[in-house]
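Undergrad: Got a structure for you, written out below as structure tokens; questions coming shortly.
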Amino acid sequence: MASSEILLEVKNLKQYFRTSRTYTVKAVDDISFNIFRGETYGLVGESGSGKSTTGRAIIRLYDPTGGSIRFRGHEIAGNLTKDEKADLRNNMQMIFQDPMSCLNARKKVIDIVGEGLDAHHAYSSKAERKEKIIRILEKVGLTEEQATRYPHQFSGGQRQRIGIARALVMQPELVIADECISALDVSIQAQVVNLMRDLQEEMGITYLFIAHDLSMVKYISDHIGVMHNGHIVESGTTEDIFSSPLHPYTQSLLSAIPEPNPEAAKYKKHVHYNAKEMGVDYTKGKLWDVSESHKLLATEEEYSKWCRKH
Amino acid sequence: MSEHVFTSVTDVDLTPEELAELKLVNESPDEFEAKDTYEVTGFWTDVFARLRKNRGAIVGFALIAIITLLAVFVPLFSSVTYKDANIDHAYLPPKVPVLEKLGILDGIDENGVDLYAEAGLPDGTYYLFGTDSMGRDMFVRLWNGTRISLLMALLAVLTDLIIGMSYGLVSGYFGGKVDFLMQRFVEVLNGIPSLVIITLFALVLKPGMISIILTLMITGWIPMSRVCRAQVLKQKEFEYVLASRVLGSSNRHIIFSEIVPNVLGQVVIMSMFSIPSAIFTESYLAFIGLGVRAPMASLGSLVSTGYKSFLAYPYLVIIPIIVLGTLMVSFNLFADGLRDAFDPTMKEM
Amino acid sequence: MAEETRERVLSIRDLDISFDTSNGTMNAIRGVRLDLYKGETIAIVGESGSGKSVTAKAIMGIMAKNQHINGGSIMYSYTDDEGRKETLDITKMSEDEVRKTICGKHIAMVFQDPMTSLNPTITIGKQIMEGMVDHYHYSKEEARKKAIELLDDVGIVDPEKRFGQYPHQLSGGMRQRVVIAIALACNPDILICDEPTTALDVTIQAKILNLIKDLQKKKDLSVIYITHDLGVVAQVADYVAVMYAGRIVEKGSVDEIYYDPRHPYTWGLLSSMPDLSTNTPRLFAIPGNPINLLNQVKGDAFAARNPYALQLDFEKQPPMFNVGGKHRVASWLCHPKAPKVEMPHSLRVKIDNMLKEVNAYGKQ
Chain A
3 MASSEILLEV KNLKQYFRTS RTYTVKAVDD ISFNIFRGET YGLVGESGSG KSTTGRAIIR
63 LYDPTGGSIR FRGHEIAGNL TKDEKADLRN NMQMIFQDPM SCLNARKKVI DIVGEGLDAH
123 HAYSSKAERK EKIIRILEKV GLTEEQATRY PHQFSGGQRQ RIGIARALVM QPELVIADEC
183 ISALDVSIQA QVVNLMRDLQ EEMGITYLFI AHDLSMVKYI SDHIGVMHNG HIVESGTTED
243 IFSSPLHPYT QSLLSAIPEP NPEAAKYKKH VHYNAKEMGV DYTKGKLWDV SESHKLLATE
303 EEYSKWCRKH
Chain B
402 MSEHVFTSVT DVDLTPEELA ELKLVNESPD EFEAKDTYEV TGFWTDVFAR LRKNRGAIVG
462 FALIAIITLL AVFVPLFSSV TYKDANIDHA YLPPKVPVLE KLGILDGIDE NGVDLYAEAG
522 LPDGTYYLFG TDSMGRDMFV RLWNGTRISL LMALLAVLTD LIIGMSYGLV SGYFGGKVDF
582 LMQRFVEVLN GIPSLVIITL FALVLKPGMI SIILTLMITG WIPMSRVCRA QVLKQKEFEY
642 VLASRVLGSS NRHIIFSEIV PNVLGQVVIM SMFSIPSAIF TESYLAFIGL GVRAPMASLG
702 SLVSTGYKSF LAYPYLVIIP IIVLGTLMVS FNLFADGLRD AFDPTMKEM
Chain C
2 MAEETRERVL SIRDLDISFD TSNGTMNAIR GVRLDLYKGE TIAIVGESGS GKSVTAKAIM
62 GIMAKNQHIN GGSIMYSYTD DEGRKETLDI TKMSEDEVRK TICGKHIAMV FQDPMTSLNP
122 TITIGKQIME GMVDHYHYSK EEARKKAIEL LDDVGIVDPE KRFGQYPHQL SGGMRQRVVI
182 AIALACNPDI LICDEPTTAL DVTIQAKILN LIKDLQKKKD LSVIYITHDL GVVAQVADYV
242 AVMYAGRIVE KGSVDEIYYD PRHPYTWGLL SSMPDLSTNT PRLFAIPGNP INLLNQVKGD
302 AFAARNPYAL QLDFEKQPPM FNVGGKHRVA SWLCHPKAPK VEMPHSLRVK IDNMLKEVNA
362 YGKQ
């Protein structure tokens, strides 16, 4: 599965938004991470942490304020030529959050899924277009007969499958899944996560999986980055994050996952974290290598404190 | 506790057939696949079903259809035209076959004088809506005037759809500086009263259809462009537009294939609502003397000339007002029904 | 047992609700029976479209225009101002009556999205006072004092300052606290929480759940949770009702449902819940999609998605089987003559692990 080849390298990425003459929102402030080919990188954080902005900056829905994004060895953070842009759209795709609004209600499934093919003229005949679409629909568990229906004739889970098919018909190397399961029922979430894993094995896709729900991220991710206030405060393998979390924010996130065992839930303690109260200033910290894979954002003082405790 | 016992059972007597059915359908539950039972009717089927159920919309539509048919065919097949005057036949009251036998609309005034006979008309001559001061057949004049009102309606829809919609689409979709400039322009334009514009046109071009049409084209689309812009701003935030951008579609594709189909329903409804106001605008311009020029007649000019002799010849005013009112109410009813048919969310769960 | 002495505040009997839609009649609630006792927390669990929210809204007397109550009753018992016991049937009252006599004063509701359930143009203090002034005719001073007390109760720091602020000046978690304060302003007996934490971040979710729990103890509230998240249920509920397609398919105490589930749908829900203690490579997923209630339901609505369906499930609607304790299951699998079916192996392992964990805690 995951190889040692770096597919996406994000370095010191900054994404600021000027909301008024005097005020700038630093949605993403100096983050760096690597995604290896064939793996799933989970980006976790609460709302407003900048995780979705990161995804959108990488796929260039925004123009990054600073830093570099290298995708397949090419720099994509700066201005892109038309060809470079088309190339990026071919190889990087996105799955969206809301199964209701992410599909155009006035278009048939076959045209929704075929949109990418149309935009890039990626077929030589109508028959080839249809065949490509049907093949991908079958892969995500829909039938040929369903291709001529409209989105509202499907349930939430099925609509999310259509969204996945739309992204995968381009055969992208990297798929950014932006909270793609959080709007679904729990039982359907499992269906979609399983489907995404199957497709990854079959087609060798790399995922950037953005979510606020750590428990699902655990199932699908190889590496995890924990984001808070525009910074990645801790990153590492899934094992690193779940069995030896060092940053107090990661610890508080882990402790907040609802305990599904009602009797054990009575004993569960919740870790409180508030950066301001604890005097943690992310901009002052630097990245420490705790182990080869495990990274932590902290000042020297914090680093010794948090690591000693462990 | 007792409540639960009361509502539940530990055993149920079943018939032998039913007992036989107490067996698993799937031999190996691990390899089970569920059949899909999710099916709903199509969007347009829904829209038409809801529209059919709305009595007001049906009545409105039927009335519009009848009035349109009359306006198109009556002047076509009538032996006289709207401008054929016959001074001998001036001010004849309405006379309708069948109804005349009931003693109403029989062409006889309150003093018992048969005005038709007095004018020297043979039996069997009927002016259904009477005649005006110059003896022109009101029936033909009225439907001819209705044509102008309907033309106004068509024009209003076209200006709305062509100018208003594109203006709103461009302004809303591109946003930023483009939007800022376009909106300021609209505000300036909107600040000039349309009465001033029409007066200016009337001065330059002389009063008549041309100046009314130009006025309508200059100011009529402004509300529509605002509605359309708001709709686009809303749609633009939906993820399907983002998805389209991510897939590398062009702006043209996103505007016309993605956004337009989603705003069209709203836009069409809105333009239906602008029809009555366009008809009314024409009528009141005609009424104040800035409208079509005699011998041409519009519903407004008919009312305007008729009201001067309202007490003596009330039918000259009442009939055009009824047609005008019916037309406007019908368009409103129909537009209302369309809106409910397109957007049932307010009425259903 | 303690049940006999407990005071029942709400009892829903055979509730049947349908909606007229342009596509036909949708039978959203098909015979729901449920009891709520004083101080107890009950959780209604189900997927979207299972009818859990419709049930909650019916208790509040909130009806859509095209909604019909075809049968059943919702009996609400309370002690009135003079100390007399009163019982009302909410289904027989008009919406206005319910709003005047019951909403807020006796039953209050917390909605999913704190942003849309607060009025953005009125200060939060005024919004809290509104109900008190309406229902209890408090003077402005009294109401203000009580509102500040309430803000303090729901854990808002510096309540005097917050009192005069507008909703947009608060964070999402704070807003939900304000919503809870508004709900509690008129001393209700029953608090209905409709997905109270779905729109919030996990870290805030835990705090809000704890807050509701504390308030419940303090004010002796009965709480109804409406949620699709079994993780949340495990934190808060005493009693669980699992709904599917407008019916309760399994109900029982939280321990009975989590450690001894009997209905295949509950098996599916529990299996598909991710948990952090085990390392299974694949999540279990309930196959298929929720059914469409516009179609007539024959037999057990879950049968088409049920790997363990019996032939009879497609023919005849199962009754509520009493399987001991407070545990009730609507599945033919619980018929004494039905074949014995074990829950999926992976779920068995999961439950065994949970029980082990509980034992470990017990020994501490």
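Protein chains in written order, with this note's numbering: chain A, 3 to 312; chain B, 402 to 750; chain C, 2 to 365.
Ideal Cβ positions, reconstructed from N, Cα and C, are used throughout, including at glycine.
Note that the structure is predicted; figures quoted are calculated from it, not measured.
Taking 8 Å as the CB-CB limit, is LEU739 of chain B close to chain C?
TA: By 1-based counting over the second sequence, the position of residue 739 of chain B is 338. LEU739 of chain B does not count as touching chain C.
Undergrad: Which term fits HIS169 of chain C, buried or exposed, when burial requires 16 or more other beta carbons within 10 angstroms of its beta carbon?
TA: For the purposes of this step, residue 169 of chain C is taken as the residue at position 168 of the third sequence. Exposed: under 16 other Cβ atoms inside 10 Å.
Undergrad: Can you give the beta carbon distance from PHE98 of chain A to GLU640 of chain B, rounded, assuming they're within the 8 Å contact cut?
TA: Translated into positions along the first sequence, residue 98 of chain A becomes position 96. Translated into positions along the second sequence, residue 640 of chain B becomes position 239. Rounded, the Cβ-Cβ distance is 4 Å, consistent with contact.
Undergrad: For my contact list, ALA235 of chain C and VAL255 of chain C are in at a C-beta cut-off of 8 Å; report their separation, rounded to the angstrom.
TA: By one-based count along the third sequence, residue 235 of chain C stands at place 234. By one-based count along the third sequence, residue 255 of chain C stands at place 254. With 8 Å as the limit, ALA235 of chain C and VAL255 of chain C qualify as a contact, their Cβ atoms being about 7 Å apart.
Undergrad: Leaving out five residues on either side along the sequence, give the residues of the same chain with a beta carbon under 7 Å from the beta carbon of LYS87 of chain A.
TA: As a first step, residue 87 of chain A is located in the first sequence; it is residue number 85 there, counting from the start. Hits under 7 Å: none found.
Undergrad: ALA339 of chain C and LEU415 of chain B: beta carbons closer than 8 Å?
TA: Your numbering for residue 339 of chain C matches position 338 in the third sequence. Your numbering for residue 415 of chain B matches position 14 in the second sequence. In this structure, LEU415 of chain B does not lie closer than 8 Å to ALA339 of chain C by Cβ.
Undergrad: Give me the subset of the segment 297-319 of chain C whose CB atoms are less than 7 Å from a CB atom of chain B, sorted by chain position.
TA: Hits within the stretch, in order: ALA305, ARG306, PRO308, TYR309, ALA310, LEU311, GLN312, LEU313, GLU316 and LYS317.
Undergrad: Could you check where the beta strand (DSSP E) with ILE183 of chain C kicks off and where it finishes?
TA: Locating residue 183 of chain C in the third sequence gives position 182, counting from the first residue. That residue, ILE183 of chain C, is in no beta strand (DSSP E); its alpha helix (DSSP H) goes 173-185.
Undergrad: Over what stretch of residues does the beta strand (DSSP E) that includes GLU76 of chain C continue unbroken?
TA: Taking the third sequence and counting its residues from 1, the one referred to as residue 76 of chain C is at position 75. Going by the sequence as given, residue 76 of chain C is Met instead of Glu. Taken as a continuous stretch (DSSP letters only), the beta strand (DSSP E) holding MET76 of chain C covers 68-80.
Undergrad: When you compare only the Cα positions, how much space is there between LEU775 of chain B and ASP561 of chain B?
TA: Here chain B has residues from 402 to 750 only, and residue 775 of chain B is not among them.
Undergrad: Determine the chain A residues that contact GLY52 of chain C at a beta-carbon separation under 7 Å, and present them in chain order.
TA: Taking the first residue of the third sequence as position 1, residue 52 of chain C is located at position 51. Simply none; closest approach about 14 Å.
Undergrad: Under 8 Å, Cβ to Cβ, is there at least one residue of chain C near PHE19 of chain A?
TA: Against the first sequence, residue 19 of chain A aligns to sequence position 17. PHE19 of chain A does not count as touching chain C.
Undergrad: Would you kindly work out how many angstroms separate the C-alpha atoms of PHE303 of chain C and VAL46 of chain C, rounded to a whole number?
TA: The residue labelled residue 303 of chain C in the question sits at position 302 within the third sequence. The residue labelled residue 46 of chain C in the question sits at position 45 within the third sequence. Distance between the alpha carbons of PHE303 of chain C and VAL46 of chain C: 15 Å.
Undergrad: For ASN427 of chain B, decide whether its Cβ has a neighbour in chain C, counting only Cβ atoms nearer than 8 Å.
TA: Position 26 of the second sequence, counting from 1, holds the residue named residue 427 of chain B. Yes - at least one Cβ of chain C is within 8 Å of the one on ASN427 of chain B.
Undergrad: Output needed for PRO320 of chain C: all residues of its chain with C-beta closer than 8 Å, excluding positions within five of it in sequence on either side, in chain order.
TA: Residue numbering aside, residue 320 of chain C sits at position 319 when the third sequence is read from its first letter. Excluding sequence neighbours, PRO320 of chain C sits near ALA331.
Undergrad: Sorted by chain position, which residues of the same chain lie with C-beta nearer than 6 Å to ASP737 of chain B's C-beta, five sequence neighbours on each side aside?
TA: In the second sequence, residue 737 of chain B corresponds to position 336, counting from 1. Around ASP737 of chain B: no qualifying Cβ.
Undergrad: Ordered along the chain, which non-local residues of its own chain (more than five positions away) have a Cβ less than 6 Å from that of MET553 of chain B?
TA: Your numbering for residue 553 of chain B matches position 152 in the second sequence. Cβ within range, chain order: ALA679, ILE680 and GLU683.
Undergrad: On a Cα-Cα basis, can you pick out the residue from C:LEU271, C:THR228 and C:ILE103 that is closest to ASP81 of chain C?
TA: Walking along the third sequence from the start, residue 81 of chain C turns up at place 80. The shortest C-alpha separation from ASP81 of chain C is found at C:ILE103.
Undergrad: Verify the CB distance criterion: does GLY649 of chain B have a CB-CB separation below 8 Å to chain A?
TA: Against the second sequence, residue 649 of chain B aligns to sequence position 248. Judged by the 8 Å Cβ criterion, GLY649 of chain B is in contact with chain A.
Undergrad: Taking three-plus beta-carbon pairs below 8 Å as touching, is the segment 148-160 of chain C in contact with the segment 92-110 of chain C?
TA: Taking 8 Å as the limit for Cβ pairs, the verdict is that the segment 92-110 of chain C does not touch the segment 148-160 of chain C.
Undergrad: Please classify PHE586 of chain B: is it buried, with 16 or more other beta-carbons within 10 angstroms of its beta-carbon, or exposed?
TA: On the second sequence, position 185 is the one that residue 586 of chain B refers to. Classification of PHE586 of chain B: exposed, given that the 10 Å Cβ count is below 16.
Undergrad: In chain order, what residues of the segment 178-194 of chain A put their CB closer than 8 Å to some CB of chain D?
TA: This model lacks chain D altogether; the protein chains it does include are A, B and C.
Undergrad: For SER157 of chain A, would you say it is in contact with chain C, using Cβ-to-Cβ distances shorter than 8 Å as the test?
TA: Numbered from 1 along the first sequence, position 155 holds the residue referred to as residue 157 of chain A. So, interface residue.
Undergrad: Would ARG163 of chain A and LEU197 of chain A qualify as a contact pair, given that the criterion is a beta-carbon distance under 8 Å?
TA: On the first sequence, position 161 is the one that residue 163 of chain A refers to. On the first sequence, position 195 is the one that residue 197 of chain A refers to. Yes, these two residues count as a Cβ contact at 8 Å.
Undergrad: Determine, using beta carbons only, whether VAL243 of chain C and ASN263 of chain A come nearer to each other than 8 Å.
TA: Residue mapping note: residue 243 of chain C aligns to position 242 of the third sequence, counting from 1. Residue mapping note: residue 263 of chain A aligns to position 261 of the first sequence, counting from 1. For VAL243 of chain C and ASN263 of chain A, no; Cβs fall outside 8 Å.
Undergrad: Return the chain-ordered list of same chain residues with a C-beta closer than 6 Å to the C-beta of MET618 of chain B, the five sequence neighbours on each side being excluded.
TA: Start at 1 with the first residue of the second sequence, and residue 618 of chain B comes out as number 217. Correct list, in chain order: THR560.
Undergrad: What residues of chain C sit near ALA258 of chain A, judged by a beta carbon separation below 9 Å?
TA: Start at 1 with the first residue of the first sequence, and residue 258 of chain A comes out as number 256. Simply ASP202, VAL203, THR204, ILE205, GLN206, ALA207 and LYS208.
Undergrad: May I have the straight-line CA-CA distance separating LEU10 of chain A from LYS141 of chain A, to the nearest angstrom?
TA: Here residue 10 of chain A refers to the residue found at position 8 when the first sequence is read from its first residue. Here residue 141 of chain A refers to the residue found at position 139 when the first sequence is read from its first residue. Their backbone Cα atoms lie some 26 Å apart in a straight line.
Undergrad: Residues of chain C with CB closer than 7 Å to the CB of PRO264 of chain A, please, in chain order.
TA: Here the question's residue 264 of chain A lines up with position 262 in the first sequence. Within chain C, the residues near PRO264 of chain A are ALA235, VAL255, ASP256 and TYR259.
Undergrad: Quick check on the burial criterion: 16 or more other C-beta atoms within 10 angstroms. Buried or exposed for GLU146 of chain A?
TA: Within the first sequence, residue 146 of chain A is the residue found at index 144, counting from 1. By the neighbour-count rule (16 or more Cβ atoms within 10 Å), GLU146 of chain A is not buried but exposed.
Undergrad: Rounded to a whole number of angstroms, what is the C-alpha to C-alpha distance between TYR137 of chain C and PRO189 of chain C?
TA: As a working note, residue 137 of chain C is residue 136 in the third sequence. As a working note, residue 189 of chain C is residue 188 in the third sequence. Taking the straight line joining both Cα atoms gives about 12 Å.
Undergrad: Who does TYR226 of chain C pair with in a DSSP beta bridge?
TA: By 1-based counting over the third sequence, the position of residue 226 of chain C is 225. The partner list for TYR226 of chain C (beta bridge, DSSP) reads C:ALA44 and C:CYS194.
Undergrad: Return the chain-ordered list of same chain residues with a C-beta closer than 7 Å to the C-beta of SER74 of chain C, the five sequence neighbours on each side being excluded.
TA: The residue labelled residue 74 of chain C in the question sits at position 73 within the third sequence. Cβ within range, chain order: ARG14, ASP90 and THR92.
Undergrad: At least one CB of chain A closer than 8 Å to the CB of PHE657 of chain B: is that the case?
TA: In the second sequence, residue 657 of chain B corresponds to position 256, counting from 1. No, no contact with chain A.
Undergrad: Interface residues of chain C around VAL410 of chain B at Cβ under 8 Å?
TA: Here the question's residue 410 of chain B lines up with position 9 in the second sequence. In chain order: PRO320, MET321, PHE322 and ASN323.
Undergrad: Would you mind reading off the limits of the beta strand (DSSP E) that contains GLU236 of chain A?
TA: Start at 1 with the first residue of the first sequence, and residue 236 of chain A comes out as number 234. From DSSP, the beta strand (DSSP E) with GLU236 of chain A extends over 233-239.
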